[in-house]
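Q: As they're listed, the protein sequences go chains A and B. Heads up, the first sequence is in this note's numbering, so the first residue is 1 and it goes up one at a time. Heads up, the second sequence is in this note's numbering, so the first residue is 330 and it goes up one at a time. Cβ atoms here follow ideal geometry from the backbone N, Cα and C, with glycine treated the same way. Values in this document were obtained by computation on a predicted structure and should not be read as measured data.
2 protein chains.
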Amino acid sequence: MIKISSNSKLSEKIIIDKFFKKLNFNKIGTYNFENDAAYLNISSKYKTVVTTDTIVENTDFFSNDPPESIAQKILCINLSDISAMGALPKTYTLNISINSKINYHWLKKFTDTLNKLQKKYNIYLLGGDISKSKEISITATIFGEAKLKNIISQNNCNLGDDIWITGNLGNSYLGYSILKNKNFKLENKNLLYFKNKYLYPKPCMFGSKAYKYMNSAKDISDGFFGDLSKILDGKYGARINTKLIPLSDILKKILNKHNPLIRLEDILNWGDDYQLVFTSYKRNREKLLSLSKKNRVKISLVGSVIKKTGIFDDSLQIIKNIHSFDHFS
Amino acid sequence: MIKISSNSKLSEKIIIDKFFKKLNFNKIGTYNFENDAAYLNISSKYKTVVTTDTIVENTDFFSNDPPESIAQKILCINLSDISAMGALPKTYTLNISINSKINYHWLKKFTDTLNKLQKKYNIYLLGGDISKSKEISITATIFGEAKLKNIISQNNCNLGDDIWITGNLGNSYLGYSILKNKNFKLENKNLLYFKNKYLYPKPCMFGSKAYKYMNSAKDISDGFFGDLSKILDGKYGARINTKLIPLSDILKKILNKHNPLIRLEDILNWGDDYQLVFTSYKRNREKLLSLSKKNRVKISLVGSVIKKTGIFDDSLQIIKNIHSFDHFS
Chain A
1 MIKISSNSKL SEKIIIDKFF KKLNFNKIGT YNFENDAAYL NISSKYKTVV
51 TTDTIVENTD FFSNDPPESI AQKILCINLS DISAMGALPK TYTLNISINS
101 KINYHWLKKF TDTLNKLQKK YNIYLLGGDI SKSKEISITA TIFGEAKLKN
151 IISQNNCNLG DDIWITGNLG NSYLGYSILK NKNFKLENKN LLYFKNKYLY
201 PKPCMFGSKA YKYMNSAKDI SDGFFGDLSK ILDGKYGARI NTKLIPLSDI
251 LKKILNKHNP LIRLEDILNW GDDYQLVFTS YKRNREKLLS LSKKNRVKIS
301 LVGSVIKKTG IFDDSLQIIK NIHSFDHFS
Chain B
330 MIKISSNSKL SEKIIIDKFF KKLNFNKIGT YNFENDAAYL NISSKYKTVV
380 TTDTIVENTD FFSNDPPESI AQKILCINLS DISAMGALPK TYTLNISINS
430 KINYHWLKKF TDTLNKLQKK YNIYLLGGDI SKSKEISITA TIFGEAKLKN
480 IISQNNCNLG DDIWITGNLG NSYLGYSILK NKNFKLENKN LLYFKNKYLY
530 PKPCMFGSKA YKYMNSAKDI SDGFFGDLSK ILDGKYGARI NTKLIPLSDI
580 LKKILNKHNP LIRLEDILNW GDDYQLVFTS YKRNREKLLS LSKKNRVKIS
630 LVGSVIKKTG IFDDSLQIIK NIHSFDHFS
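The structure is reproduced here in structure tokens:
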């Protein structure tokens, strides 16, 4: 069910046949993209977990961004949501609105990246839609499977829960800062490293491995403070040892030099790393660390859920007043 | 899981709380739109049928079209696809990209229409995403349920099958012609009637009632000839009695006057009525007519599937050569 708007040109049929058809991986339920709809082939033992996100040119990416980056972003931002629910991704639909700037070269790179990521995350394209617009706009809707009892809810943390973060924070923010500020002084190989962290985010898929030991989880898409606030949901607060916030060694060095262009506070207010923040009972520490080792996913214990609302540092000084915290401002 | 892009303004949180939250109808699995994802609450007896479509300003609608019309279009074009698969719609996700022209007044009308249609078609909003763009762009992904054995495939017609059409064709095309051509002479009440048929299409939901008697089905979104060709799939042809094409009485009168602005051929090449074309064994005629009566859905037997490829009239004169037929041109 890859459909084309009636105003489209012939070339768009070729786009489907040449670039998208192979992405169905010959899976049952896709009808080789020749039907009005498709069906999800998810076992009746599981619930289908759904998440959807749109990225738009000039808001979420720029038209001269590499198509590989745009493909990686649209899948990544949805995959991390599926992970945060404790589900395993299975398949996805894609709606792309393209303009005349998009050529075959662009489409080849874009779909080759989708193909590569589909293999990496073991998902296939279920169907979609191609239309025309002035700005490029891409929507992906990803379907995952999880047993109902294992689905992790965002607002289910308990007083005293440990607060964990997967991976490292800030690499994507530093990459973004470099792209925004040409005066950023750093070795060339590091400049490239961080730019790539921003352009090619990798979702942390730990949720489907460790759901048993997570009470609440969220992907860090609005920034650690913002997303932690959503978990705390105005009912609890958090005591965070900011020294334990996981950062890459290079980023630590840069922060220690007190570069005015990058501060820990900015990192903690910035998303785009697509790591997870989750809470867990203290008794689960060993099990989580063992799963972390087994799955080669770095996890860091950064604090705990406390009674007093707000986000506090280790000496209980307020860092963020949640009541006044507003990630939309 | 209604998410907001990080670049958005506070007002968009209000948009969700004020306009969209009520559309979840308090259904389980939506998490009151407060989670990263949602889950489909479809019984394990059924497969989940999925379809998705995007409509974009200046391609599929105009920015000064009534918001009620845009809401009706985005649901209608997806509901008719679910119906063509023989499935019953259950829930949907919505991704809207809006610009500064969209005000509260617009959003109220838009979401009030969604609310009304949700009640009519017994569906609820599962989640979605709001972002910003220059042009308004709206994606809906609709989920229906059907038993695997009852899912109707588009390319499953048999030699000798009857060819049926639901409802009337052409009302939407006439409405479009009126909107495009100010010189169209018609009584005022008729002008309004046809304009509304174009602006407020109604999907034919007969598929989930009559799936047992349908061999193949498709909603008429690319025009009767185009969609019938997809059903025939280059393997068969069709003999159509064009006198039996269902038209409203007013449209028949207009066609009989040989108005140069509207011809039967144009009607048969135009979609947007969102009726179904389906094929069925001859032995099912009585059962289909009985279901048609019971569900108050007009159905018309217009022809049959023949061996020779192409679309022919009743005297076997070629109307459309399928091999050269190209609905993208």
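Whose CA, out of B:Tyr360, B:Ala567 and B:Asp551, lies closest to the CA of B:Tyr453?
A: B:Tyr360
Q: If you run the structure through DSSP and keep just helix, strand and coil, what is B:Pro396?
A: helix
Q: In the DSSP assignment, what are the bridge partners of A:Tyr39?
A: B:Val378
Q: Of the residues that make up the stretch 209 to 236 of chain A, which ones have a beta carbon closer than 9 Å to any beta carbon in chain B?
A: Ala217, Lys218, Asp219, Ser221, Asp222, Gly223, Gly226, Lys230 and Asp233
Q: Is it right to say A:Asn122 is buried, meaning 16 or more other beta carbons lie within 10 angstroms of its own, or is it exposed?
A: So A:Asn122 counts as exposed.
Q: Under 8 Å, Cβ to Cβ, is there at least one residue of chain A near B:Leu408?
A: no
Q: Please list, in chain order, the residues of the stretch 58 to 74 of chain A that have any C-beta partner in chain B closer than 9 Å.
A: Asn58, Thr59 and Asp60
Q: Going straight from the alpha carbon of B:Asn588 to that of B:Lys531, what length do you get?
A: 26 Å
Q: Could you name the residues of the same chain whose beta carbon sits closer than 6 Å to that of B:Ile507, not counting the 5 residues immediately before and after it, in chain order?
A: In its chain, beyond the 5 residues on either side, Phe513, Leu520, Phe523 and Lys524 have a beta carbon closer than 6 Å to the beta carbon of B:Ile507.
Q: Look at A:Ala95 and B:Thr383 and say whether their C-beta atoms are less than 8 Å apart.
A: The amino acid at residue 95 of chain A is misidentified as Ala; the sequence shows Asn. Note that the C-beta distance between A:Asn95 and B:Thr383 is below 8 Å.
Q: Sorted by chain position, which residues of the same chain lie with C-beta nearer than 8 Å to A:Glu57's C-beta, five sequence neighbours on each side aside?
A: Ser63, Glu135, Ile136 and Ser137
Q: How would you label B:Leu503, buried or exposed, when you count the other beta carbons within 10 angstroms and need 16 or more for buried?
A: buried
Q: Between the stretch 250 to 258 of chain A and the stretch 110 to 122 of chain A, are three or more C-beta pairs nearer than 8 Å?
A: no
Q: Let me check understanding here. Comparing Cα to Cα, which of A:Leu107, A:Asn188, A:Ile151 and A:Asn171 lies closest to A:Thr48?
A: Minimum Cα distance to A:Thr48 is reached at A:Ile151.
Q: Where does B:Leu645 fall in DSSP's three states?
A: coil
Q: Round the Cβ separation of B:Gly456 and B:Thr422 to the nearest angstrom and send it over; I've been treating them as touching at under 8 Å.
A: 5 Å
Q: How about A:Val277 and A:Ile165: are their beta carbons less than 8 Å apart?
A: yes
Q: Which stretch, first to last residue, makes up the beta strand (DSSP E) that contains A:Arg239?
A: Gly237 to Ile240
Q: Closer than 8 Å, Cβ to Cβ, to anything on chain A: give me those residues from the stretch 365 to 377 of chain B, in chain order.
A: Asp365, Ala366, Ala367, Tyr368, Leu369, Asn370, Ile371, Ser373, Lys374, Lys376 and Thr377
Q: Using a cut-off of 7 Å between C-beta atoms, extract the partners of A:Gln154 located in chain B.
A: Glu363, Asn364 and Asp365
Q: Contact check, B:Asn428 vs B:Ser462 under 8 Å by CB: the rounded distance?
A: 6 Å
Q: Is the beta carbon of A:Asn155 closer than 8 Å to that of A:Gln272?
A: The amino acid at residue 272 of chain A is misidentified as Gln; the sequence shows Asp. Contact: no.
Q: Below 8 Å on the Cβ atoms is my contact criterion, and I expect B:Asp491 with B:Leu630 to pass it. Report the Cβ-Cβ distance as a whole number of Å.
A: Indeed they touch by this definition, with Cβ atoms about 5 Å apart.
Q: How is B:Asn444 classed by DSSP in three states: helix, strand or coil?
A: Residue state, collapsed to three classes: helix.
Q: Within 10 angstroms of the Cβ of A:Asp314, are there 16 or more other Cβ atoms? Answer buried if so, exposed if not.
A: exposed
Q: Does DSSP classify A:Lys90 as helix, strand or coil?
A: strand
Q: According to DSSP, is B:Gly457 helix, strand or coil?
A: Looking at B:Gly457 - three-state DSSP - the assignment turns out to be strand.
Q: DSSP three-state label for B:Lys547, please.
A: strand
Q: Quick check on B:Glu516 - is its C-beta less than 8 Å from some C-beta in chain A?
A: no
Q: When you compare only the Cα positions, how much space is there between B:Lys518 and B:Lys538?
A: 33 Å
Q: How long is the line joining the alpha carbons of A:Asn215 and A:Gly167, rounded to whole angstroms?
A: 19 Å
Q: Taking B:Leu597 as the query, report the chain A residues whose CB atoms sit under 7 Å from its CB, ordered along the chain.
A: Here the premise fails: no neighbours, minimum Cβ distance about 14 Å.
Q: When the Cα of A:Cys157 is compared with those of A:Phe61, A:Thr113, A:Asp227 and A:Lys27, which residue comes out closest?
A: A:Asp227
Q: Grouping DSSP H, G and I as helix and E and B as strand, with all else coil, what is A:His323?
A: Here the model assigns A:His323 a pLDDT of 46, short of 50, so the residue's position is not dependable, and the following value carries that caveat. Reduced to three states, the DSSP call for A:His323 is coil.
Q: Mapping the DSSP letters down to three states, classify A:Ile165 as helix, strand or coil.
A: DSSP, read as helix, strand or coil, puts A:Ile165 in strand.
Q: So the candidates are A:Val50, A:Lys116, A:Glu265 and A:Tyr46; which of them puts its Cα closest to the Cα of A:Phe224?
A: A:Glu265
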